[in-house]
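Colleague: Protein chains in written order, with the UniProt record's numbering: chain A, 1 to 556; chain B, 1 to 556.
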């Protein structure tokens, strides 16, 4: 079904699939499930095509059909780069036939009707099995998480504390409601354990005993099935063992979906956006690589995420058979969502729930404001990129061209003018043309890196409203159960159980908040320093070019 | 009568008297006599007002009425800044009444109905006589020069060589036709003499035996008639005697008009444009001062113009009575136009007229191309000024503002973030806001100076087509008289006389060409060097600001 929308910003189409939209222009949107951050629709001129979802405000809410069918995603699912089913309008033929390849948005091309394997590219050769990846777990969207919640809730034995009616809230969806209400039975075989300790600024994740980093390098175009299928492979080298594995975007995406399912209450960094067109263009490959590196840095720096078994599998497994085994194991992991809450070791320290609530509220205000400012800086920096490539370049090139023309005029009267002056003016013209190119090139050194980091933070910040709701929901349950206990409707022990489990939620959230603060201090300092350094180098280079040019006028 | 026009460039109105016009927009022009470079008309939206004459192409030629009534001006009369009668649409009341004050465009204001004196402001007090400056010589436009030509021609005794039928061509208008045909009687009392010598690059003006320079400083707002009349007075100090005189724009304008009348075949630098509104705004006063200084430099550097008696009077006279006497004397000067041609002492050296013709043709091609390139550079530089004040400033200020907002977001969570980082980011924001201001301010240091010089050259170059036509006309007369002599219609002595006088025109023009080349080499070198120096300083300042800002992140 189509709906209406309004363009928030002006967008200039750059490919034939895209259409231009003007700020405030009324749009028809054919389906508001964005595909890789793009929507399909029609502008007021009647042109049909793609435009960025983030540039558009949908003015009619999505239909219920979409809500139940596709839009349910685990906590922390991204606003853009979502892995939900794409709208049929953009779905390639073989996907419309009911076949869903979880990497298809990364590497389908129009001629491709060949199914993809789900093996890693960590081995040298490519496995040529035509196994459909129709494991239902891969379709994390097609099997909405809520089903599991329902099965849990149907098995419970009768707590009187009310259940949240809105089963689409993150509190319910994530399993935290079930956990707080004590519906999640202690599992005997909890192999994992994540410890929260008290640090100078409150609860924090205990550092990983085996910290490491991981490089992502050398994106290389690969083909298989005699060139019918093409994809990009990245060399991923963890510092553990310095043994490289080769991974495609689809492997990252698989890992990312595992993380989303498992890690309730943790802000999982979003993967770089998918893109329907131009995926093999150099700029896009370069940008995706830079953003995967940032994503990886955040993964390895996170004390909980970095220790995830599935992540280790992703980083280490170079064997085809082992890959599939590990993949299935990760997909069958039971310690996810509600169960994941059972893996926390929390300090004994008393924390007043009211204090925690206030801290969370102030964090909420902070993230809202930070999200706004990150969004604003993103827009300003994007616009500045456009100016560098367009206006700035053009102005300086026009100036250079005008100087060249003066020099050419001076050439027309050879006996009178000094050749040195003509040459110097012509050289000045070339210098300004070159400065125009330097302006156009400069975003490669500064603004793009800033935008990469801002994009990562947009993703991290977008996760927090849902995560904060977990604590809100838990806190409400504490109050409700205490009231019911006071009224004698439930036993104090049951109310105490809710309170105790709510403490776990509170400690975990504070640890995550602390981790976020710590990282953003490091990241923004680094971002600002890197930007300033490149800017200084830029203005110095321009100055030096001009100085060399000025010397051309010496001794004329 | 109104006529049609088309906008060559887009112009954005900045005052309420002005209207915006779009490139290619059809316009109605009420009167195509531009006033101070402005035309009055109506755009396609029906808005009426002023727009720059140079932005518009008039698509219907001016009426004959205008041609005979006002448009006749001596050689070298400017395209803009013309002193012809303004169109009545813009003419203040007291001028429409038939009274013409030659300074009114400089200092009328709406409340002013008081007539102006024509005394100098070289004395401290202001003379309060209400003498109308209705000396007919002041109205150089109202008494067209052609009348004198006619009286000369009616007195001649019967040369058979044909007269140019187009009496509006510069050849006729300047009196050079009359001179070449021998119609100008040798005047016994020729006190002036300008010598042309052979230099390394051909004929050149002999340097003035008493070279000097002259400063223009300290534009000061003056009032008289108890504040009813307001004007700007400049301190003008020639290096001769270092004794300052005080001059108003109207005095410059008087001098300029004398120069136009007298100096046939010399490219008299145009005065800075007049302006109907905002004459007392600081930017305008500053700009006019800069351009008067350039104008003065060209006057003092010209071997012929710098020796003109009227100029000396302008520079030296500080006495009210003497001023008037000298003014009248200059206005009665008989050695102008055709007679001025009699003042040249030329070398005996033989010059082939054909060679001279070729040199002039190549100069014509050169000036055309230089005029185009100066025009282009002017447009580019003007647009760059607009970008500095608008786009560049805005972009950097938006970036600064976005950084500030990030810093403000970070302030919202005091226990977590480092104060030093917040302060550093905020400081970075202020730095970029400041860089925006630096961009906006920069044209004051570089582009405005470039535009000043380009404007001077636009004026000088605009004079040349008419000047070149003088030589063309003279050369045609030589050929015609030789043919008639060959056919026995006139005597060889008469044909030789025409050829001899044509030599004088050729020598004078070559000397002027040479002078122009010499000056433009000096001027353009200086212009480019000054621009580059200021640009280097600018980029260095920006770099230094950013470096200081970067240090704020040290030891965080």
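Cβ atoms here follow ideal geometry from the backbone N, Cα and C, with glycine treated the same way.
Would you mind stating whether residue 292 (chain A) and residue 272 (chain A) have Cβ atoms separated by less than 8 Å?
Modeller: Taking the first chain and counting its residues from 1, the one referred to as residue 292 (chain A) is at position 292. Taking the first chain and counting its residues from 1, the one referred to as residue 272 (chain A) is at position 272. Taking 8 Å as the Cβ cut-off, residue 292 (chain A) and residue 272 (chain A) qualify as a contacting pair.
Colleague: What are the start and end residues of the beta strand (DSSP E) that includes residue 238 (chain B)?
Modeller: Counted from its first residue, the second chain places residue 238 (chain B) at position 238. Residue 238 (chain B) -> beta strand (DSSP E) spans 229-238.
Colleague: Using CA atoms only, rank isn't needed, just tell me which of A:348, A:475, A:428 is closest to residue 407 (chain A).
Modeller: Working through the first chain from its first residue, we reach residue 407 (chain A) at position 407. Ranking A:348, A:475, A:428 by Cα distance to residue 407 (chain A) puts A:428 first.
Colleague: In whole angstroms, give me the CA-to-CA distance for residue 453 (chain A) and residue 235 (chain A).
Modeller: Here the question's residue 453 (chain A) lines up with position 453 in the first chain. Here the question's residue 235 (chain A) lines up with position 235 in the first chain. Cα atoms of residue 453 (chain A) and residue 235 (chain A): separation of roughly 21 Å, rounded to the nearest angstrom.
Colleague: For the alpha helix (DSSP H) containing residue 518 (chain A), list its first residue and its last residue.
Modeller: Walking along the first chain from the start, residue 518 (chain A) turns up at place 518. From DSSP, the alpha helix (DSSP H) with residue 518 (chain A) extends over 492-551.
Colleague: Could you confirm whether any beta carbon from chain A is found closer than 8 Å to the beta carbon of residue 540 (chain B)?
Modeller: Looking up residue 540 (chain B) in the second chain gives position 540. With 8 Å as the cut-off, residue 540 (chain B) counts as an interface residue toward chain A.
Colleague: Give a yes or no on whether the minimum CB-CB distance between residue 445 (chain A) and chain B is below 8 Å.
Modeller: Mapped onto the first chain, residue 445 (chain A) falls at position 445. False, the Cβ-Cβ gap to chain B never drops below 8 Å.
Colleague: Just to confirm before moving on: does the CB-CB distance between residue 475 (chain A) and residue 353 (chain A) stay below 8 Å?
Modeller: Position 475 of the first chain holds residue 475 (chain A). Position 353 of the first chain holds residue 353 (chain A). Taking 8 Å as the Cβ cut-off, residue 475 (chain A) and residue 353 (chain A) qualify as a contacting pair.
Colleague: Please report the distance separating the alpha-carbon of residue 311 (chain B) from that of residue 482 (chain B).
Modeller: For the purposes of this step, residue 311 (chain B) is taken as residue 311 along the second chain, with counting starting at 1. For the purposes of this step, residue 482 (chain B) is taken as residue 482 along the second chain, with counting starting at 1. Using only the alpha carbons, I get a separation of about 40 Å.
Colleague: Contact between the stretch 386-403 of chain B and the stretch 517-535 of chain B: three or more CB pairs below 8 Å?
Modeller: No: the two stretches stay apart, fewer than three of their Cβ pairs being nearer than 8 Å.
Colleague: Only counting the same chain, and skipping five residues up and downstream in sequence, which positions put a Cβ closer than 7 Å to that of residue 471 (chain B)?
Modeller: Along the second chain, read from residue 1 onward, the residue named residue 471 (chain B) stands at position 471. The answer, listed in chain order, is 360, 505, 506, 509.
Colleague: Does residue 241 (chain A) pass the burial test, meaning 16 or more other C-beta atoms within 10 Å, or should it be called exposed?
Modeller: Walking along the first chain from the start, residue 241 (chain A) turns up at place 241. That one is exposed.
Colleague: Here's the rule: buried if 16 or more other CB atoms are within 10 angstroms of the residue's CB, otherwise exposed. What is residue 488 (chain B)?
Modeller: Residue mapping note: residue 488 (chain B) aligns to position 488 of the second chain, counting from 1. Within a 10 Å sphere around the beta-carbon of residue 488 (chain B) sit fewer than 16 other beta-carbons, which makes this residue exposed.
Colleague: Report yes or no: do the stretch 206-220 of chain A and the stretch 317-333 of chain A share at least 3 C-beta pairs separated by less than 8 Å?
Modeller: The stretch 206-220 of chain A is not in contact with the stretch 317-333 of chain A.
Colleague: Smallest Cα separation from residue 305 (chain A): which of A:46, A:275, A:262, A:527?
Modeller: Counted from its first residue, the first chain places residue 305 (chain A) at position 305. Considering only alpha carbons, the answer is A:262.
Colleague: Can you tell me which of the three DSSP states residue 287 (chain A) falls into?
Modeller: In the first chain, the residue the question calls residue 287 (chain A) occupies position 287. Correct three-state label for residue 287 (chain A): helix.
Colleague: Label residue 390 (chain B) either buried or exposed according to how many other C-beta atoms from any shown protein chain fall within 10 Å of its C-beta, with 16 as the threshold for buried.
Modeller: On the second chain, position 390 is the one that residue 390 (chain B) refers to. By the 10 Å Cβ count, residue 390 (chain B) comes out exposed.
Colleague: Measuring CB to CB, does residue 384 (chain B) end up less than 8 Å from residue 399 (chain A)?
Modeller: Counted from its first residue, the second chain places residue 384 (chain B) at position 384. Counted from its first residue, the first chain places residue 399 (chain A) at position 399. Contact: yes.
Colleague: What ranges does the alpha helix (DSSP H) occupy inside the stretch 171-222 of chain B, keeping only unbroken runs of at least 4 residues that lie completely in it?
Modeller: 176-180
Colleague: Using 10 angstroms around the beta-carbon of residue 410 (chain A), count the other beta-carbons present and answer buried if the total reaches 16, otherwise exposed.
Modeller: Position 410 of the first chain, counting from 1, holds the residue named residue 410 (chain A). With 16 or more Cβ atoms within 10 Å of its Cβ, residue 410 (chain A) is classed as buried.
Colleague: One question on the structure: do residue 214 (chain B) and residue 300 (chain B) come within less than 8 Å of each other, judged by their Cβ atoms?
Modeller: Here the question's residue 214 (chain B) lines up with position 214 in the second chain. Here the question's residue 300 (chain B) lines up with position 300 in the second chain. Against a cut-off of 8 Å, the Cβ pair of residue 300 (chain B) and residue 214 (chain B) comes out as a contact.
Colleague: I think residue 338 (chain A) touches residue 309 (chain A), with their Cβ atoms under 8 Å apart; what is that distance to the nearest whole Å?
Modeller: Reading the first chain from its first residue, position 338 is the one you call residue 338 (chain A). Reading the first chain from its first residue, position 309 is the one you call residue 309 (chain A). Contact between residue 338 (chain A) and residue 309 (chain A) fails: their C-beta atoms lie close to 18 Å from each other, not under 8 Å.
Colleague: Checking the sheet assignment: what are the DSSP bridge partners for residue 375 (chain A)?
Modeller: Within the first chain, the letter at position 375 stands for residue 375 (chain A). Answer by DSSP bridge pairing: none, since residue 375 (chain A) is not bridged.
Colleague: Could you work out which residue in B:6, B:18, B:200 is closest to residue 511 (chain B) when comparing CA atoms only?
Modeller: Position 511 of the second chain, counting from 1, holds the residue named residue 511 (chain B). Measuring from the Cα of residue 511 (chain B), the nearest candidate turns out to be B:200.
Colleague: Which of the three DSSP states is assigned to residue 347 (chain A) in this structure?
Modeller: If you number the first chain from 1, residue 347 (chain A) lands on position 347. Residue 347 (chain A): coil per DSSP, three-state reduction.
Colleague: Is the stretch 529-549 of chain A in contact with the stretch 7-27 of chain B, if contact means three or more CB pairs nearer than 8 Å?
Modeller: no
Colleague: Secondary structure at residue 48 (chain B), three-state DSSP: helix, strand or coil?
Modeller: Along the second chain, one-based indexing puts residue 48 (chain B) at 48. Residue 48 (chain B) falls in the strand class under three-state DSSP.
Colleague: Any residues in the stretch 474-500 of chain B with a beta carbon nearer than 7 Å to a beta carbon of chain A? Which ones, in chain order?
Modeller: none
Colleague: If we cut at 8 Å on Cβ distances, does residue 558 (chain A) have a partner in chain B?
Modeller: With chain A covering 1 to 556 only, the question about residue 558 (chain A) has no answer from this structure.
Colleague: Excluding five sequence neighbours on each side, which residues of the same chain lie with their C-beta closer than 7 Å to the C-beta of residue 464 (chain B)?
Modeller: The residue you call residue 464 (chain B) lines up with position 464 of the second chain. Excluding residues within five positions, the ones whose Cβ falls inside 7 Å are 267, 367.
Colleague: Check the DSSP bridge columns for residue 57 (chain A) and list the partner residues they point to.
Modeller: Counting from one through the first chain, the residue named residue 57 (chain A) turns up at place 57. Bridge partners of residue 57 (chain A): A:6.
Colleague: Along the chain, where does the alpha helix (DSSP H) containing residue 331 (chain B) start, and where does it finish?
Modeller: For the purposes of this step, residue 331 (chain B) is identified with residue 331 of the second chain, where counting begins at 1. Note, residue 331 (chain B): alpha helix (DSSP H), 320-331.
Colleague: Classify residue 228 (chain A) as buried or exposed, calling it buried when 16 or more other Cβ atoms lie within 10 Å of its own Cβ.
Modeller: Mapped onto the first chain, residue 228 (chain A) falls at position 228. Flag for residue 228 (chain A) reads exposed.
Colleague: Name the chain C residues whose beta carbon is nearer than 7 Å to that of residue 525 (chain B)?
Modeller: In the structure shown, chain C does not exist; the protein chains are A and B.
Colleague: Spell out whether any CB of chain B is found under 8 Å from the CB atom of residue 405 (chain A).
Modeller: To locate residue 405 (chain A), count along the first chain from 1; it is residue 405. For residue 405 (chain A), the answer is yes, since a Cβ of chain B falls inside 8 Å of its Cβ.
Colleague: Note down, in chain order, every chain B residue with its Cβ under 7 Å from the Cβ of residue 370 (chain A).
Modeller: As a first step, residue 370 (chain A) is located in the first chain; it is residue number 370 there, counting from the start. Residues of chain B passing the Cβ test: 409.
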